[in-house]
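Numbering (the UniProt record's numbering), first residue to last: 1 to 288. Yeah, the Cβ is synthetic: ideal placement off N, Cα and C, and Gly gets one too. Working notes, beginning with the structure itself.
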Amino acid sequence: MDTTDILKRVRQIEIKTRGLSSNIFAGEYHTAFKGRGMMFSEVREYHYGDDIRSIDWNVTARFNHPYVKIFEEERELTVMLLIDVSGSREFGTTWRFKKNIITEIAAVLAFSAIQNNDKTGVIFFSDRIEKFIPPKKGRKHILHIIRELITYSPEQRETNISEVLRYLTNAIKKRCTAFVISDFIDDNFEDALKIANQKHDMVALRVYDPRETLLPDIGFVQFKDAETGENQWINTSNKNTRQAFNKWWEENERNLNTTFTKCGVDSVAVRTDEDYVKALMSLFKKRN
């Protein structure tokens, strides 16, 4: 892809995702993610109907009259996009690969963030930290992110979600909202996710292809592992093989949902052959 094609693709994504963030997601994003961080504003006298949990007992004791603490939502948040750039994102059996969906979702979230005056940063990861783009504001910064999403070529092809979660916890000191956008073909990241969610507001966005859920009966097929490069012939006409594959998917699905629930992390799944707008709206409404 030459420079002209890259700029054209960046512009196409900007037009589509900026429009979505302006016309559909702006209010939903604000409601779902603003106000998660609250800062102290002032103390005033207690009024009938105030939540008694907000009473400032020290001030109340000093003046012998009830006073309450008033908090305001933080006007500026930091949004971090943790983008999976491992080999499996290059898989797709519909008209879009997983990486195309990941790019558009990341762009929508980035434009929604800057419209709410939030900073946006990005961490590309495989089984290592591939690239870190520090949080900033502005359209120029978002276009730089989109260009990197389109053109970045990772040095490694395998996946280690725990690695990026540990990096986020150590690198971003102030509490942020962090979206992990991945197919989550990995395991043993529960502890790292739990720790990260104690410091930050973690959200999991899982992108998958419909062919990953069901193995078709099409005879002998050579499969290649996108992350290890390993090739293997599989007889898809074998009923036991298809059942084993389906069982793996169902178990993986249950394990992921259990992990997200145990860690207290909001999550949503997006299929490459479906409209991701509905999935994001569902996520935002779930957080309201």
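By the beta-carbon neighbour count (other beta carbons within 10 angstroms, threshold 16), R206 is buried. In the three-state scheme derived from DSSP, where H, G and I count as helix and E and B as strand, I172 is classed as coil. Of the candidates S282, L214, V277 and E190, E190 places its Cα closest to the Cα of T258. DSSP places S267 inside the beta strand (DSSP E), whose first and last residues are D266 to R271. Collapsing the DSSP output to three states places W249 in a helix. Just measuring C-alpha positions, the residue of E76, L109 and N160 sitting nearest K174 is E76.
According to DSSP, N160 shares a beta bridge with no other residue.
Non-local C-beta neighbours of I150 in its own chain, meaning closer than 7 angstroms and more than five positions away in sequence, comprise I6, R9, V10 and T103, ordered along the chain. Under DSSP, S182 shares a beta bridge with R206.
In the structure shown, F91 falls within a coil segment according to DSSP collapsed to helix, strand and coil. Contact annotation: E158 and S126 have beta-carbon atoms nearer than 8 angstroms. Counting the other CB atoms within 10 Å of its CB gives K247 a total below 16, which places it among the exposed residues. Relative to L165, the option among I123, E155 and I146 whose CA is nearest is I123.
The C-beta of N197 has 16 or more other C-beta atoms within 10 Å across all chains shown, which makes the residue buried. Using a 10 angstroms sphere on the CB of A244, the tally of other CB atoms stays under 16, which defines it as exposed. By the Cβ neighbour-count rule, N23 is exposed, with fewer than 16 other Cβ atoms within 10 Å of its own. Assignment of N100 by DSSP, reduced to helix, strand and coil, places it in the helix class. Contact between the segment 232-242 and the segment 207-217 is present, with at least three C-beta pairs closer than 8 angstroms. The DSSP-derived three-state label of M80 is strand.
Residue environment for T93: exposed (fewer than 16 other C-beta atoms within 10 angstroms of its C-beta).
For the 8 angstroms CB-CB criterion, Q222 and N231 form a contact. In the three-state scheme derived from DSSP, where H, G and I count as helix and E and B as strand, K286 is classed as helix.
Short of 6 angstroms from the beta carbon of M202, and not among the five residues preceding or following it, lie these beta carbons of its own chain, in chain order: A178, A196 and V265.
If you draw a straight line from the Cα of K262 to the Cα of G87, it is about 28 angstroms long.
D118 sits in coil when the DSSP states are folded into three classes, being neither helix nor strand. Beta-bridge analysis with DSSP links R44 to V68. Bounds of the beta strand (DSSP E) holding K224 are F220 to K224.
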